[in-house]
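Engineer: Numbering (my numbering), first residue to last: 2 to 386. Backbone N, C-alpha and C define an ideal beta-carbon position, used for all residues, glycine too. All figures in this text were calculated on a predicted structure; none of them were measured in a lab.
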DNA sequence: GAGGCGTGGCG
DNA sequence: TCGCCAAGCCT
């Protein structure tokens, strides 16, 4: 029973929590409303599936209606879509599939090629795990993805969400993936007052209770499409929603307040100095970052360490040269800090050798490098590329 | 379990 | 302009 996982007392809530009273915090308001299932009925999977049959998005990794999706396509797209928009993933998905048409092809590829193909998409641990996962699928399962949620969960880079998504979408098993879309849909349906991330277990249980035995894969994708196109974060189009009737937040008129989230702290700033060495033939001095940590194994322009305070560049330059400060700086925001990078440039003779651990790369070789966006910015700032 | 881990777009 | 956000995972 769905109500088993909802702790708030049952109370009528129509007319309460109206947008007219917006003086308290979302958390306080949501808690004060204290109501559950003020919608007029239980959310029916059939209503959502009927909506999905008419309004489903056509996406490169999706099978035609009524057809089975290729597990490798589902896997590849799900990894790429982690914390990443559909639009950004599109060309990467197409490119990967063209270059590595099966999981066995991907497993056989050198990691460096996978990293350079992934460059620009972000969260590079995903690319390393993607590669490791492909190799594990070949080694453990003979090159076929297991049609079993627990076995999928055991693979590198596949967590609870992705295991459930592949099980449901590729194999039509009764599994309930919960991503940000589904968290939002469910938290509004039931007007979940507890803030994230604490509310995750409850939302997960609610989502599982909603999942039908028939067409669980379409149901999961329908939930995501609903969250992406109707039940959006800012201004949800409730009047177009197939679940308008049973939705508690719609009844209360405060859907945009959900999901409630715990307040987050300020983002710290870091600064550093990058050394852009340019040889007379146009080659730039690059190196590979360490195996672990931020941007692991990716290509970088040499720089001082990035710290809270600007560090003196002396002693960090990769080679002895006449370094000149370029005007301005490169700004880049990572997940957990904002970076300001000043750039020093030096122009060197064509025969200058690369110091140990470094290499000269001409601009026509940049595409073969695993250059993250922040480093592309540095190169562009220095007039290279 | 809280924090590390990218990037680009949008209101 | 800038904080928020997008199909999370790992440690």
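(1) Based on Cα-Cα distance, which residue from 181, 229, 231 and 233 lies nearest to residue 208?
(2) For residue 266, which of 338, 229, 162 and 284 has the nearest alpha-carbon?
(3) What would DSSP say about residue 273, mapped onto helix, strand or coil?
(4) Just confirm the distance between the C-beta atoms of residue 97 and residue 62, as a whole number of angstroms; I'd bet it's less than 8 Å.
(5) Which partner residues of residue 286 appear in the DSSP bridge assignment?
(6) According to the neighbour-count rule (16 or more other Cβ atoms, all chains shown, within 10 Å of its Cβ), is residue 348 buried or exposed?
(7) Would you mind giving the Cβ-Cβ distance between residue 344 and residue 283, rounded to the nearest angstrom? I have them listed as a contact below 8 Å.
(8) Can we say the region 102-110 touches the region 144-155, given the rule of at least three CB pairs closer than 8 Å?
(9) Under 8 Å, do residue 192 and residue 155 count as touching if we go by C-beta distance?
(10) In the DSSP assignment, find the unbroken alpha helix (DSSP H) run with residue 302 in it and report its ends.
(11) In the DSSP assignment, what residue or residues form a beta bridge with residue 115?
(12) By the DSSP assignment, the alpha helix (DSSP H) with residue 298 in it spans what residues?
(13) Within 10 angstroms of its Cβ, does residue 367 collect 16 or more other Cβ (buried), or is it exposed?
(14) Measuring straight from C-alpha to C-alpha, what distance separates residue 291 and residue 137?
(15) Going residue by residue through the region 89-169, where are the continuous alpha helix (DSSP H) segments of at least 4 residues, counting only ones entirely within it?
(16) When you measure from the CB of residue 343 to every non-hydrogen atom of the ligand ADP, does any distance come out below 7 Å?
(17) Tell me the residue span of the alpha helix (DSSP H) that contains residue 339.
(18) Would residue 275 be called buried (16 or more neighbouring beta carbons within 10 Å of its own) or exposed?
(19) What do you get for residue 205, buried or exposed, if any count of 16 or more other CB atoms within 10 angstroms of its CB means buried?
(20) Taking DSSP as the reference, what is the three-state secondary structure of residue 184?
(21) Determine, using beta carbons only, whether residue 301 and residue 280 come nearer to each other than 8 Å.
(22) Name the residue from 364, 74, 370 and 296 whose alpha carbon lies nearest to the alpha carbon of residue 386.
(23) Measure the C-alpha to C-alpha separation of residue 24 and residue 253 and round it to an integer number of angstroms.
(24) Reducing DSSP to helix, strand and coil, say where residue 14 ends up.
(25) What separation, rounded to the nearest whole angstrom, lies between the Cα atoms of residue 241 and residue 264?
(26) Quick one: what's got a C-beta closer than 6 Å to residue 314's C-beta in the same chain, skipping five residues either side?
(27) Between the region 163-177 and the region 212-219, can you find at least three pairs of beta-carbon atoms closer than 8 Å?
(28) Around the Cβ of residue 374, are there at least 16 other Cβ atoms within 10 angstroms (buried) or fewer (exposed)?
(29) Sort out for me which residues DSSP pairs residue 332 with in a bridge.
(30) Quick one: residues in its chain with C-beta nearer than 8 Å to the C-beta of residue 49, no 5 flanking neighbours on either side, listed in chain order?
(31) Measuring alpha carbon to alpha carbon, tell me which of 272, 188 and 277 ends up nearest residue 234.
(32) Let me confirm a value: residue 336 is counted as buried when at least 16 other C-beta atoms fall within 10 Å, else exposed. Which label applies?
(33) Give the single residue among 360, 316, 286 and 239 whose Cα lies nearest to the Cα of residue 346.
(34) What's the gap between the Cα of residue 194 and the Cα of residue 200?
(35) So residue 361 packs on residue 355, CB below 8 Å; how close in whole Å?
(36) What are the boundary residues of the alpha helix (DSSP H) that includes residue 230?
Structural biologist: The short version:
(1) Mapped onto the first chain, residue 208 falls at position 207. Residue 208 has its Cα closest to that of 181, out of 181, 229, 231 and 233.
(2) Counting from one through the first chain, the residue named residue 266 turns up at place 265. Taking only the C-alpha atoms, the option nearest residue 266 is 338.
(3) Your numbering for residue 273 matches position 272 in the first chain. Three-state result, residue 273: strand.
(4) Here the question's residue 97 lines up with position 96 in the first chain. Here the question's residue 62 lines up with position 61 in the first chain. So it is not a contact: roughly 11 Å between Cβ atoms.
(5) Along the first chain, read from residue 1 onward, the residue named residue 286 stands at position 285. Per DSSP, 361.
(6) Your numbering for residue 348 matches position 347 in the first chain. Result: exposed.
(7) Stepping through the first chain from its first residue, residue 344 is reached at position 343. Stepping through the first chain from its first residue, residue 283 is reached at position 282. No, residue 344 and residue 283 are not in contact; Cβ-Cβ is about 17 Å, not under 8 Å.
(8) yes
(9) For the purposes of this step, residue 192 is taken as the residue at position 191 of the first chain. For the purposes of this step, residue 155 is taken as the residue at position 154 of the first chain. Contact flag unset, no.
(10) What you label residue 302 is simply residue 301 of the first chain in a count that begins at 1. Run containing residue 302: none; DSSP gives neither H nor E here.
(11) Residue numbering aside, residue 115 sits at position 114 when the first chain is read from its first letter. In the DSSP output, where bridge partners are listed per residue, residue 115 has none listed.
(12) On the first chain, position 297 is the one that residue 298 refers to. Counting along the chain, residue 298 falls outside any alpha helix (DSSP H), and DSSP gives it neither H nor E.
(13) Translated into positions along the first chain, residue 367 becomes position 366. The residue is buried, with at least 16 neighbouring Cβ atoms inside 10 Å.
(14) Mapped onto the first chain, residue 291 falls at position 290. Mapped onto the first chain, residue 137 falls at position 136. If you take the alpha carbons of residue 291 and residue 137, they lie about 24 Å apart.
(15) 104-109, 112-119, 126-142 and 150-154
(16) With respect to the ligand ADP, the structure shown offers nothing to examine, as it has no ligands at all.
(17) Within the first chain, numbered from 1, the residue matching residue 339 stands at position 338. For residue 339, there is no enclosing alpha helix (DSSP H); the residue is part of the beta strand (DSSP E) that begins and ends at 339-349.
(18) Start at 1 with the first residue of the first chain, and residue 275 comes out as number 274. Buried.
(19) Mapped onto the first chain, residue 205 falls at position 204. By the 10 Å Cβ count, residue 205 comes out buried.
(20) Within the first chain, the letter at position 183 stands for residue 184. It is helical.
(21) As a first step, residue 301 is located in the first chain; it is residue number 300 there, counting from the start. As a first step, residue 280 is located in the first chain; it is residue number 279 there, counting from the start. Result no, Cβ atoms of residue 301 and residue 280 do not sit closer than 8 Å.
(22) Here the question's residue 386 lines up with position 385 in the first chain. Here the closest residue by C-alpha is 364.
(23) Looking up residue 24 in the first chain gives position 23. Looking up residue 253 in the first chain gives position 252. Note that residue 24 scores 30 on pLDDT, short of 50, meaning its location in the model is unreliable; the coordinates nonetheless yield the value given after this. One C-alpha to the other measures close to 16 Å.
(24) As a working mapping, residue 14 is identified with position 13 in the first chain. Since pLDDT at residue 14 reaches only 29, below the 50 mark, its modelled position is unreliable, and the value read off the structure follows with that caveat. Coil, per DSSP.
(25) The residue you call residue 241 lines up with position 240 of the first chain. The residue you call residue 264 lines up with position 263 of the first chain. Going from the Cα of residue 241 to the Cα of residue 264 covers about 31 Å.
(26) On the first chain, residue 314 is found 313 positions in, with the first residue counted as 1. Around residue 314: 274 and 305.
(27) yes
(28) Translated into positions along the first chain, residue 374 becomes position 373. Burial call: exposed.
(29) Here residue 332 corresponds to residue number 331 of the first chain, with the count starting at 1. 341.
(30) Here residue 49 refers to the residue found at position 48 of the first chain. Same-chain partners within the cutoff: 220, 223, 224, 227, 243 and 244.
(31) Numbered from its first residue, the first chain carries residue 234 at position 233. It is 188.
(32) In the first chain, counting from the first residue as 1, residue 336 sits at position 335. It is exposed - the Cβ of residue 336 has fewer than 16 other Cβ atoms within 10 Å.
(33) On the first chain, residue 346 is found 345 positions in, with the first residue counted as 1. Nearest C-alpha to residue 346: 286.
(34) Working through the first chain from its first residue, we reach residue 194 at position 193. Working through the first chain from its first residue, we reach residue 200 at position 199. Distance between the alpha carbons of residue 194 and residue 200: 8 Å.
(35) By one-based count along the first chain, residue 361 stands at place 360. By one-based count along the first chain, residue 355 stands at place 354. Yes, they are in contact, since the Cβ atoms of residue 361 and residue 355 sit about 5 Å apart, within 8 Å.
(36) The sequence position of residue 230 within the first chain is 229, counting from 1. Residue 230 -> alpha helix (DSSP H) spans 217-230.
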